[in-house]
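In my numbering, the protein residues as written are 0 to 130.
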């Protein structure tokens, strides 16, 4: 649990946001597939989904958003890519948190910027370059 907090905090420190609360749910592949289909139109499970929080009018909170993570997918990917499972979890928590901060990888330029930031953050955490 402490590692998860460290991963989130490290990512948030690199964002220009004044929010630092992230809820993380670990879900089964079937739930992840259902959520991915509902919100992204993709009928497949995935490793992490990010849902940024928007304050209601007149309310200011510290909530950044929610992450859904499928441990089964993360483990399977880590093994397939010959990565340490813990390091892959770290990468995806940082990746998802950066999405909550507004980063994306829709274009090659955005992807390069986001990946470089992930590598920097993970390096600061002692985690190998995931790319």
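By construction, the Cβ of each residue, glycine as well, lies at the ideal position given by its N, Cα and C atoms.
Report yes if the C-beta distance between residue 64 and residue 51 is below 8 Å; otherwise report no. Counting from 1 along the chain shown, the entry for residue 64 is found at position 65. Counting from 1 along the chain shown, the entry for residue 51 is found at position 52. Yes. Within cutoff.
Integer Cβ distance of residue 19 from residue 75, believed to fall under 8 Å: Within the chain shown, residue 19 is the residue found at index 20, counting from 1. Within the chain shown, residue 75 is the residue found at index 76, counting from 1. About 30 Å separates the two Cβ atoms, so there is no contact after all.
List the endpoints of the continuous beta strand (DSSP E) containing residue 65. The residue you call residue 65 lines up with position 66 of the chain shown. Where residue 65 is concerned, the enclosing beta strand (DSSP E) stretches over 62 to 68.
Please state the DSSP three-state secondary structure of residue 20. Walking along the chain shown from the start, residue 20 turns up at place 21. In the displayed model, residue 20 falls within a strand according to three-state DSSP.
In three-state terms, what does DSSP make of residue 52? Residue mapping note: residue 52 aligns to position 53 of the chain shown, counting from 1. Reduced to three states, the DSSP call for residue 52 is coil.
Helix, strand or coil: how does DSSP classify residue 47 here? The residue you call residue 47 lines up with position 48 of the chain shown. Here residue 47 sits in strand by DSSP.
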